[in-house]
Structures are given as C-alpha cells and as structure tokens.
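For the sequence shown, position 198 (counting from the first letter as 1) is numbered 617 according to this note's numbering, and the numbering increases by one without interruption.
Quick reminder that beta carbons are idealized off the backbone N, C-alpha and C, glycines included.
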Amino acid sequence: MNYSSKQLVEFIGGECELYNEQIITHVSTDSRSLQNTGNTVFFALVTEKRNGHNFIQDLIDRGVKTFVVSQGIEFNGEGITIIKVSNTLEALQSLAANHRKQFDIPVIGITGSYGKTIVKEWLYQLLSTDYNICRSPKSFNSQLGVSLSILLLDSTSTLGIFEAGISESGEMEKLEEIIHPTIGVLTKMGEAHQSGFNSFEQKLAEKKQLFLNSDIVIELSEDKQDYDFPFSDKVSIENCSLCIKVLEYLGYEKALIQERINSLSSITLRLEMINGIHNSTILNDGYNISYSSLALSVQYLNQLAATFPKTLIISQIPESNLGDERIIQLINSSEFTRVLVVGEEELIGLENKVQVDHFKSTEELISQLSQYDFRNHFVLIKGARKFRFEQIAKVLEEKNHRTQLEIDLNQLSRNLDIYRNKIKSNTKLMVMVKAFSYGTGAIEIPRLLEVEGVDYLGVAYTDEGIVLRNSGIKIPIMVMNPEPGTFADLIKYELEPEVYSLEELDELVKDLIVLDRKEYPIHIKLETGMNRLGFIEEEIPKLIQYLKSQPEVYVKSIFSHLSSADDKLQKEFTLDQLTKFENYSSQILSAFSYPIERHVLNTAGIDNYNDYQYNMVRLGIGLYGINAGENNIDVKPISKLKSVIIQTKKLKNGDSIGYGRKTIANENMTIAMLPIGYSDGLRRNLGNGKFNLYLNGKPCPIVGNICMDICMIDVTGLNAKVGDEVELFGNYNSIEDVAKAMNTIPYEVLTSISQRVKRVYYKD
Ligand SMILES: *Cc1c(COP(=O)(O)O)cnc(C)c1O
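This is the structure in structure tokens:
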C-alpha cells in the first residue's frame, strides 16, 4: 500500500477535520500492534469490547499521525490528520475495495462452511511456484479480516487468494465488493452456524453472493476425478478436489497437477500454548510461516505478555528472506529479549539490545537449549514445516504426561461474546476464575479475559489472587473468602475482599490502619437465602455504623448469591432472594452519599433472571461452556479430556483385570492401558463397565477397578495400537455425561481434573 493522505480521503470519503500530507503505507486497527508509525493510518473501530477512540492520544505519543474516527476526540499533537466518517469499519472497507480496484490480476474468493482455510492454504502450496500470491493471513475472513487481508495486495502480487466468512444475512454483499473474486470457490456447506439465517437455502444464496462477478464458480460435485489423492479421509479428498478444479481452470496439465498434489502436506491451523520449563509459556505456532502469520502471532504474544521477557525461535521463511525489512521491524518493535534463528541465513539488522544466536539446524539448537535461561519467558516458536520445530516445543514442555486437557481459546471467546450479548452495554462483567478457572487454567484463562476486556475477575482465596497479580494481571480482582491471616498480602497485591462479617471487617480494618491505607475497596456480601457467608438483615444497621466510622474502607459493591437460579421449581424462592437483596442493599445504599455498585446474578441467573443485572453480573460455568439456564443458549464446552494408549494386552477366557479381580475376561478380549486414574479426576466408581471412553468414535468400556494412575479399557476388535488417542470427554462424551455417571455436577468434573494433567491451549 502506498497512498497519499489526499488519496486516502478520496477513497473513504468523510470530512477532513485536520489535514497534513503523509504517505500512508500501513493500516492499524489495534493500538497494540504498530509498525512504521509515521506512515500508519489508524482506524478507530468501535466494538463491544473496545473503543479505538480511547487509544488515540497514546498513538499520537507513539508517532502515529493519521486517524479515521467517528466520534469527537480531544488530543495534543502536531501535524495530525483527522478524517471523520460515520462508521470507521465501513471506511476501512471502502479503502480496501478501492485498493482492490488497483489490481487487474486473478483473485480467488473462497467461501463455504468448512475447509475454507485449508483450501486457501493448499492452493497457496500448489500455485506458489508460478505466482506471487497474496493471501488472507490465517483465517482472516470476517468483515474486518477481509479488509485487512486485501490491503496486503501490493505491486508484486500476481494472484490473490482470500476467504470470506459470514454469520448473518447482508454481509456477503460487502465482502464481494472488497474481494471481487474472478474465480469463486464454494467449499462444503454444513448445517452449522444457522442462527443468523432463516434457512439453509437462504444461507447458501447469501454465500453465493460472493461470486456475483466471478468468471467461474467451482463447487463440489459427484463427478469422478481421475487423480491419486495423497489423503484417505473424505474431507481432505473433497478439499483437494476443489483445488484440482481450480488448477484445471488455470490451465494446468493433469500430470503436473498430480505431481503438485503428491507433495501437499496436511496443515495445522492453530497455535498451541503450553506451560514450559522454569515457569515459561510456550506458544507453538504450527501455522505456515509467512510475514503476515508471524505478525499475527507476535501481536497475540504482545497482548498476553506485555511485561514479560520474550524469546522468538524462528526458522528461515520460504517465501521471503529473514533480512526482509518488515520482519526486522516486526521483531524490533516487539521487544524480544532474544531471538534464536535456525537455518543457513543470518538475521541481521536487529537492535543491539536483542540477543541473536544462529544455529545451522534444529538439532543443533536443541543441543544448546539448556544454556538458556527461560525463567518466566514467553517463547514463540515459529518455523517452516521442514525444520520440524515441534521437537523444540517438546523439549521445552514442562509436563510430558500424555493425558491432556485441551482448551479451545476461540470457543472461550465465543462463549464470552454470547453472555456479553445477553447483558446491557453498561452492565459490568465479572468472570469467576476460582479453582484454576474451573480447572481450565490458573493464569492462561484470566490473561485472555483481561485482553478480552472483562471488568473484574473473581477468585476464592487470596493465594489465587496473588498468582494472578504475579502473572501480570492488572484488572480488579475480588477475593470471596480472604482468610484473616492473609490480609497483609491481600492489601499488598491490591486485591479487593468480600466482607461477610463484622469480625472479618474489623480484622481487615486493623491491618489497613497498620499500613496507613484509606478508602480501601471492599465488597459487602449479604445473606438472602443461601445460608452461607454474608450479613443477615439484623446486622445491617451495625454494619452501616461501623463503615461510617472507618475511613480505611469504602464500599465498592454490595452483592448476594442465588442458591437455585438454575432450578425452575425454585422460582418463588429465587424471586424472594432477589426481593430481599433489593431491600437490604437499598438500606446500605441510602446510608452513603457515594455511588455503590450492586450485583447478584451468576451464569444461571444471567439466563433466567436477566432483569436483575444491577451494575454487574458474575459469570462462571457458562463461560466454560456449560449451559446452566433454561434457554437454549448456544455455548459450547471449551475443554476436551484425552489420553493415549500406552500398552495393549490380549486376555484369555477367565483372566482377571486389575485390583480385586473385579472384571473377568470371558472371551478372547483385548484391553488397553491409559495413563489416567482416579487421582487425575477419573472417579473410581466409573470402572467395571460403568462408563465408556471413546477410541476413534467407538465406545470402549472401562474394565476392572480404576487405579490411582492408570485405567484399562476394552478395545476388543478395534485394532487399537500404542499411541492411539482416547477421549474421556469432548466429541462423544459430554461433560454432563461424565457428571451423571459420577453422580455429580459438571462443576465437580471440571475442577477435579488434577493439576498433573497437562493443559494445552489452542487458538486458530
Ligand atoms: C462461583 C460463583 C459464581 C459463579 O457461579 P456459576 O454458577 O459458575 O455461574 C458467582 N458468584 C459467586 C459468589 C460464586 O461463588
């Protein structure tokens, strides 16, 4: 991209409030990722999570000069251009559509329900020897993502490949204007994502809008293609056959197509995050390496780890060279402490403060890894496929336990958005992250929630809050059960206590006096029917009197907890709790002249008693994907528990299995051993045929008594091998199924998965 400010204004329309000529080469919509600041235009987008206008002064201070805004702003700075439009996203889209018009090259536009990104990446692999291809980074296919992708087209591009995704009707028309594909590709359509459309037909018609001006549309068909596919699964064959049709259309001979598809490799479309040695965090980016995918990962890393030391492990990049100015700039602007480079090529031009070491091969790097101090580092691993960087991740991994809880961070964000849409825009959101975020991750999940812009985090104990602060979390944290001996730490780490009794309050105030602290924020818990912690009605006058006489504290909020918001039959009781909450909290509110917030709803409450949001809600189990209310909210679990077969055994009639000989083989039976036992959270009473685990989608009963660290399953006739993956819950067993079998609730299933089970986080 290379436009003058004047051209920019012409492209996007709008009013120029201030004008100063600049050359614009970069677009930014996220203040956390900036390059080439002076030549960047910042579009201040307004979304549910973030208002870009709030970052303008900061960006001016960092050297950005050109802004597209839709709201009034105040700032200090010289030589600034401000373009005012009615909608900043639409302005960005106009820029992209106009940018697209500058290129008279073939452009492939891909849409459909499944496989868009795979088809895009395969077309890239198949065609990149003959074309200079500009493609969407990762799965950038939204209204914003498509615009940013198109802006990557430059004068060297000879082919564009872009994907388009939509979630409701009316969206594709805009994407067509931006991508304007000459070749259309429609991937497999599914029933999924139906909610924004009236019917399947409507969704299909909407998607096909992308091809309005295309010379050809390539779709799946029943015609037999006479090729040998290097894959055996149906999905890969379908995706591959779409690619073949594109190549045929572009005039490739059959023999050459066959040769190219033989070398296709399967594609990882996600970034994996695991805990590493020495309290480090490893981000293993399995996605194809390119400048734009590196930029995305670096941006994500910057969000997560702003204040932590960072290491980049990088290989040569096939399509460009490491000396590429953009890559140097990217690394320089991201404050890496060190960069480890694998390959023949040298990385030169980095700022002096960065330590750069070179290695000829991945093996050489691995043999030297122990020399490095990774304490508290965030390590981004990004290599071309042939360098096999997954080996590096294995070495740096903290736990090698084969049983793992896989956590889908994209689903977490989707669930969060679903609840955000259920609350009013001025209702604050507290997310409960007690008990290691319901078993899914003590710091990984809270970190992400902070990036997502939630207002508050809630934990049970002071220790849990300290862990969050030590991992760099800055947003307010409420501690529900701060035990008296921990107040000094609580105050030191700026954690906000729940106060549920006068004795507790008195202890806290004493510590605050010693530390000479005034107006420390506290949250008053009221008893309304749960009969757990909290002030009862009779104590309220005394509480008010005490609070008025102690300047050490101020009441930030008043809250209560519903005992049965998930139970229709208890509606009368719940409404009574809500009435009591209103009455009791009003008494306190009216005694103070400063504003005090109120909150009472948990997940089930948000769903079933949505009118009672007050100033904030406290989201728990729903975020982790369990629907606790009566409406069919479309949340999905974020975690899957999997293990791996470590041995198989053939048994004979009469052989016994495990402790106590509770299962006896009665035919020629094959069993498999898995490294998970009751100490990992697999309840012992699920043994002896009471519960099935799944191998390749086939049910396998647990046989014998479950041991502390191991369990055995029946895999007779399933051709099971060592290394095969077995699901405990995920696609085949739901968390609710496991809870039912254990005779408990999903909360207990999630929180009893032991800490020795490795957590692996994935992100598209
Ligand atoms: C755990 C907890 C919540 C969240 O409950 P969910 O049912 O998981 O939504 C809310 N408020 C308090 C006080 C809690 O302890």
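Supposed close pair residue i, residue j - CB separation, criterion 8 Å
{"i": "Lys1059", "j": "Glu991", "result": "About 39 Å; that fails the 8 Å criterion."}
{"i": "Pro824", "j": "Arg1178", "result": "The residue you asked about is not Pro; residue 824 is Leu in the sequence shown. About 5 Å separates the two Cβ atoms, so the contact holds."}
{"i": "Asp1026", "j": "Asn1002", "result": "Actually they are not in contact, since the Cβ atoms of Asp1026 and Asn1002 sit about 24 Å apart, beyond 8 Å."}
{"i": "Ser547", "j": "Phe559", "result": "About 18 Å; that fails the 8 Å criterion."}
{"i": "Val1019", "j": "Ser979", "result": "5 Å"}
{"i": "Tyr1078", "j": "Asn1107", "result": "Their Cβ separation, rounded to whole angstroms, is 11 Å, which puts Tyr1078 and Asn1107 out of contact at 8 Å."}
{"i": "Thr1170", "j": "Tyr838", "result": "Contact doesn't hold; Cβ gap of about 20 Å is too wide."}
{"i": "Ser709", "j": "Leu690", "result": "Between Leu690 and Ser709 the Cβ distance is about 14 Å, and since that is not below 8 Å, they are no contact."}
{"i": "Val665", "j": "Val604", "result": "6 Å"}
{"i": "Val1185", "j": "Asn658", "result": "It is not possible to answer for residue 1185, since the shown part of the chain is limited to 420 through 1183."}
{"i": "Asp1128", "j": "Gly1096", "result": "4 Å"}
{"i": "His942", "j": "Val972", "result": "Actually they do not touch by this definition, with Cβ atoms about 10 Å apart."}
{"i": "Val488", "j": "Thr500", "result": "With 8 Å as the limit, Val488 and Thr500 do not qualify as a contact, their Cβ atoms being about 11 Å apart."}
{"i": "Gly584", "j": "Lys520", "result": "No, Gly584 and Lys520 are not in contact; Cβ-Cβ is about 23 Å, not under 8 Å."}
{"i": "Leu661", "j": "Thr606", "result": "6 Å"}
{"i": "Val758", "j": "Thr781", "result": "In fact, because the Cβ distance is near 15 Å, the residues do not count as touching under 8 Å."}
{"i": "Met420", "j": "Leu511", "result": "Actually they do not touch by this definition, with Cβ atoms about 12 Å apart."}
{"i": "Asp1133", "j": "Ile1064", "result": "Actually they are not in contact, since the Cβ atoms of Asp1133 and Ile1064 sit about 12 Å apart, beyond 8 Å."}
{"i": "Ile502", "j": "Ile431", "result": "7 Å"}
Any non-hydrogen atom of ligand 3 closer than 7 Å to residue i Cβ
{"i": "Leu1020", "result": "With respect to ligand 3, the structure offers nothing, as its ligand set consists of ligand 1."}
Residues bridged to residue i (per DSSP)
{"i": "Gly603", "result": "Gly528, Val636"}
{"i": "Tyr1180", "result": "Met692, Ile826"}
{"i": "Tyr973", "result": "Pro940"}
{"i": "Pro1120", "result": "Asn1111"}
{"i": "Pro916", "result": "Val898"}
{"i": "Val488", "result": "Lys503"}
{"i": "Asn470", "result": "Val465"}
{"i": "Lys801", "result": "Asp704, Ile733"}
{"i": "Cys1130", "result": "Leu1093"}
{"i": "His445", "result": "Thr459"}
{"i": "Phe954", "result": "Leu945"}
{"i": "Glu434", "result": "Lys503"}
{"i": "Ser1005", "result": "The partner list for Ser1005 (beta bridge, DSSP) is empty, contrary to what the question assumes."}
{"i": "His1018", "result": "Phe978, Met1035"}
{"i": "Val1145", "result": "Ser1062, Leu1114"}
{"i": "Tyr422", "result": "Ile443"}
{"i": "Ser699", "result": "Gly695"}
{"i": "Phe778", "result": "Val761"}
Local Cβ density within 10 Å of residue i, reported as buried at 16 or more and exposed below that
{"i": "Glu582", "result": "buried"}
{"i": "Lys975", "result": "buried"}
{"i": "Asn707", "result": "buried"}
{"i": "Asn694", "result": "buried"}
{"i": "Phe1011", "result": "exposed"}
{"i": "Lys425", "result": "exposed"}
{"i": "Asp1030", "result": "exposed"}
{"i": "Tyr1033", "result": "buried"}
{"i": "Pro1056", "result": "buried"}
{"i": "Gly609", "result": "exposed"}
{"i": "Ala515", "result": "buried"}
{"i": "Pro916", "result": "buried"}
{"i": "Asn1115", "result": "exposed"}
{"i": "Lys643", "result": "exposed"}
{"i": "Ile663", "result": "buried"}
{"i": "Lys729", "result": "buried"}
{"i": "Val1141", "result": "exposed"}
{"i": "Asn834", "result": "buried"}
{"i": "Gln1174", "result": "exposed"}
Quiz item: Of all the beta strand (DSSP E) runs that stay within the bounds of the segment 809-866, which reach a length of 3 or more residues?
Solution: 823-827, 847-851
Exercise. Would you list the residues whose beta-carbon is nearer than 5 Å to any heavy atom of ligand 1, in the order they occur in the chain?
Key: Met851, His980, Asn1021, Thr1022, Arg1037, Gly1039, Ile1040
Quiz item: Of all the alpha helix (DSSP H) runs that stay within the bounds of the segment 864-908, which reach a length of 4 or more residues?
Solution: You should have 881-889.
Quiz prompt | Completely contained alpha helix (DSSP H) runs for the segment 1020-1108, where each covers 4 or more residues | solution = Correct list: 1022-1027.
Quiz prompt | Segments assigned beta strand (DSSP E), at least 3 residues, entirely inside the segment 499-582 | solution = Those beta strand (DSSP E) runs which fall completely within the segment 499-582 and span 3+ residues are 500-503, 526-530, 552-554, 578-582.
Quiz prompt | Sequence ranges, beta strand (DSSP E) only - wholly within the segment 972-1001, length at least 3 | solution = 972-978
Self-check item: Minimum length 4: unbroken alpha helix (DSSP H) runs contained in the segment 704-776
Solution: 710-723, 744-752
Quiz prompt | Start-end ranges of the beta strand (DSSP E) lying completely within the segment 616-667, minimum 3 residues | solution = 635-637
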